[in-house]
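Visitor: So that you can map any letter, position 90 of the sequence shown is 766 in my numbering, and since no number is skipped, the others follow by simple counting.
All C-beta atoms, glycine included, are put in the ideal place defined by N, C-alpha and C.
It should be emphasised that the depicted structure is a prediction, and the values quoted were computed from it without experimental measurement.
So that we are looking at the same thing, I have put the structure below in structure tokens.
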Amino acid sequence: MEFPIAHGTDAPPQSAQAPSICFIVDPDFGFLQGFSRSLRRVGVDTVELITSARLAEHVDAQHPDIVFVDLDPVHSTECARALMALRECRFAGRVQLFGRCKLPLLEEYRRLGGDLGLSMLPAVQKPVDFAVIEKIVAEQQLNCADVAPPELSLRNALDRNYLTFWYQPKIDLKKRQVVGTEAFARIEHPRQGILSPTRFLAGAAEEELLELAHRALINALSLSARFDELGIALQMAINLDVEAIMELPIADLVAKHRPANEAWPGILFEVPETQVISRITALRERLQQLAKYGVSLSVDNCGRGNSSFAMFRYLPFSEIKIDPSFVQGCASNTGNLNICRSIIQLAHNFSRQAAAVGIETADDARELAGVNCDLAQGYVFGKPMTDRQLMAMVEAGRAQSATFCTSRVWDVSTRAAPAVPASLP
């Protein structure tokens, strides 16, 4: 699931309570996003794919319950390729075909899927009504996350000013220093306490998500200005979807809230790779306009989608973030490490930085440093924390050492690591 804006889930998944996951394979980016939102609205997790090029690989890694596949009558071979890919990986879940075409053609490809040994659900014509989605979810007995009750909803949090933002430190692996941070949304409820996004985002409307993006950007810029007053230059990052980047008055907000310091490191917009691929032209034009305001792009979840070299050639990006599924366990999994090494080299080939996300062990951190990864983020360095905790962490650490970083990650070094303040996580 790819929550837009600065509210990705930062805690390790709780598999016992995890919602069902569905893949959606459709080159129509607008429909893909809308259909994905509809599934998320009823509490089902989603992965969006614009092609089936790496479908089998993703299925093996994430084991979806249902794969929704588009059938385009003009390019029907793409649907056939998807069905073949599912057969090759011995997909044991269910396959749902939909398309803007006549039912006989859908039924023909449904029979093809059956002949390939796939479990095919009744085909559906586009446009797809929300009631049809609810029916599929109910009939297939998918495990749905609880939709937030009104008092815990994003709308209520926005109206009552319960929304707050926590920040997770980002480490320069060469300098062993905190150089940036990523924002995560939280609700600070008077009775329920601190709530993570999984508790309040289900069912959120588009205008509410856009307002969340607006507040996340202002909060990150304001925190950047506070750090600048202390003589500390940290690059702030927030997760945004493409629509938010297109619709928000970003230039005005940055000009109003950014530090006056000309040496300000700017702000980083993290956009999922799957969205970047589908909106290369629009993103390129928008980011070129925003570059003079200190805005840059990080391609998030790299490796999860279907990377196009054209994307890296034409987009003014500054960073590639390696998907956690490849980062975690890379010290013991040669395949994961090789993928990390390839993505790192890709970033360096374009004179950009590579960031590893979701690092949970010291072994993985050291392995990534050994293959020249530039930046790192994960629980081994620090969990998301309040802005006050982050400021205390950075100030205390840098007061003790100019190369401050969490020492337990580097405790195998022959050289003594800097001490860590007792108050740090």
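Under 6 Å Cβ to Cβ from A901, same chain only, skipping five residues before and after it: list those, please.
Guide: Closer than 6 Å at the Cβ level, and outside the excluded window around A901, lie P935.
Visitor: Rounded to a whole number of angstroms, what is the C-alpha to C-alpha distance between R757 and S728?
Guide: Spanning the two alpha carbons is a distance of roughly 7 Å.
Visitor: L944 and S974 - do their beta-carbons sit closer together than 8 Å?
Guide: In this structure, L944 lies closer than 8 Å to S974 by Cβ.
Visitor: Below 8 Å between beta carbons: does that hold for K997 and E1043?
Guide: No, they are not a contact pair.
Visitor: Assuming A799 and R787 make a contact with CB atoms under 8 Å, what is their CB distance in whole Å?
Guide: Incorrect: roughly 10 Å between the Cβ atoms, too far for contact.
Visitor: Taking the continuous beta strand (DSSP E) assigned at A1030, which residues delimit it?
Guide: Start and end: 1029 to 1033.
Visitor: Pick out the complete beta strand (DSSP E) segments inside the segment 924 to 964, 3 residues or longer, and give them in chain order.
Guide: Entirely contained in the segment 924 to 964, the beta strand (DSSP E) runs reaching 3 residues are, in chain order, 943 to 948.
Visitor: If you follow the beta strand (DSSP E) that M912 is in, where does it begin and where does it stop?
Guide: It spans 911 to 915 - the beta strand (DSSP E) in which M912 sits, taken as one unbroken run.
Visitor: Is it the case that the Cβ atoms of A878 and R716 are separated by a distance below 8 Å?
Guide: The answer is yes: Cβ separation under 8 Å.
Visitor: Mapping the DSSP letters down to three states, classify A1007 as helix, strand or coil.
Guide: It is coil, neither helix nor strand.
Visitor: How should T753 be labelled, buried or exposed, when 16 other C-beta atoms within 10 angstroms of its C-beta is the threshold for buried?
Guide: Under this definition T753 is an exposed residue.
Visitor: Between L899 and D1063, what straight-line distance do the alpha-carbon atoms span, to the nearest angstrom?
Guide: Distance between the alpha carbons of L899 and D1063: 7 Å.
Visitor: List the whole-angstrom C-beta distance separating L849 from A1052, where the pair is believed to meet the contact cut-off of C-beta under 8 Å.
Guide: That pair is a contact at about 5 Å.
Visitor: Within a Cβ cutoff of 6 Å, which residues of the same chain sit near L897, ignoring the five residues on either side of it in sequence?
Guide: For L897, where only same-chain residues beyond five positions count, the Cβ hits under 6 Å are H933, R934.
Visitor: I'd like to check one pair, I742 with Q772: are the Cβ atoms closer than 8 Å?
Guide: Cβ distance < 8 Å, so Q772 and I742 count as in contact.
Visitor: According to DSSP, V743 sits in a beta bridge with which residue or residues?
Guide: In the DSSP output, where bridge partners are listed per residue, V743 has F699, V771.
Visitor: Would you mind working out which of R776, G769, D805, C777 sits nearest L797, comparing C-alpha positions?
Guide: The shortest C-alpha separation from L797 is found at G769.
Visitor: Where does S1008 land, buried or exposed, given buried means 16+ other C-beta within 10 angstroms?
Guide: Label assigned to S1008: exposed.
Visitor: Which complete alpha helix (DSSP H) runs does the segment 795 to 868 hold, if anything under 4 residues is left out?
Guide: Runs of the alpha helix (DSSP H) inside the segment 795 to 868: 806 to 815, 830 to 836.
Visitor: Unbroken beta strand (DSSP E) runs of length 3 or more, entirely within the segment 1040 to 1077: which are they?
Guide: Counting only runs of 3 or more, we get 1051 to 1053.
Visitor: Considering only C-alpha positions, which residue in the set F767, R1017, F841, V1047 is nearest to I894?
Guide: Taking only the C-alpha atoms, the option nearest I894 is F841.
Visitor: In the DSSP assignment, find the beta strand (DSSP E) that holds E724 and state where it starts and stops.
Guide: 721 to 725 is the span of the beta strand (DSSP E), which, as asked, contains E724.
Visitor: What number of angstroms, rounded off, separates the C-alpha of L924 from the C-alpha of L916?
Guide: About 10 Å.
Visitor: Got a sec? Which residues, its chain only, sit under 7 Å from L1102 by beta carbon, not counting five neighbours each side?
Guide: An answer regarding residue 1102 cannot be provided, because it is not within the stretch 677 to 1101 covered by the chain.
Visitor: When the Cα atoms are used, what is the spatial distance from S972 to A880?
Guide: Straight-line Cα distance between these residues: approximately 27 Å.
Visitor: In this structure, how does DSSP classify D640 when only helix, strand and coil are distinguished?
Guide: The question about residue 640 has no answer, for the chain in this structure spans 677 to 1101.
Visitor: To the nearest angstrom, how far is it from the Cα of P740 to the Cα of F903?
Guide: In a straight line, the C-alpha of P740 is about 43 Å away from that of F903.
Visitor: Roughly how many whole angstroms lie between the Cα atoms of R766 and L782?
Guide: Each residue's Cα considered, the two are about 22 Å apart.
Visitor: I'd like the list of long-range same chain contacts for N937, defined as Cβ closer than 6 Å, with 5 residues on each side in sequence excluded.
Guide: Excluding residues within five positions, the ones whose Cβ falls inside 6 Å are D904.
Visitor: Return helix, strand or coil for I908, following the three-state DSSP convention.
Guide: Coil, per DSSP.
Visitor: Where does the unbroken beta strand (DSSP E) through E995 begin, and where does it stop?
Guide: Taken as a continuous stretch (DSSP letters only), the beta strand (DSSP E) holding E995 covers 993 to 998.
Visitor: Going along the chain, which residues of its own chain have a beta-carbon closer than 6 Å to the beta-carbon of P1000, five neighbours each way excluded?
Guide: Same-chain partners within the cutoff: V1033, G1034.
Visitor: So for L871, helix, strand or coil by DSSP?
Guide: If DSSP states are grouped into helix, strand and coil, L871 belongs with the strands.
Visitor: At which residues does the beta strand (DSSP E) containing V975 begin and terminate?
Guide: Element bounds for V975: 971 to 978.
Visitor: Suppose you measure from the CA of P1102 to the CA of L910; what does that come to, to the nearest Å?
Guide: Any question about residue 1102 goes unanswered here, given that the chain covers just 677 to 1101.
Visitor: Do M987 and I1015 come within 8 Å of each other at the CB atom, strictly closer than that value?
Guide: Going by C-beta atoms, I1015 is not nearer than 8 Å to M987.
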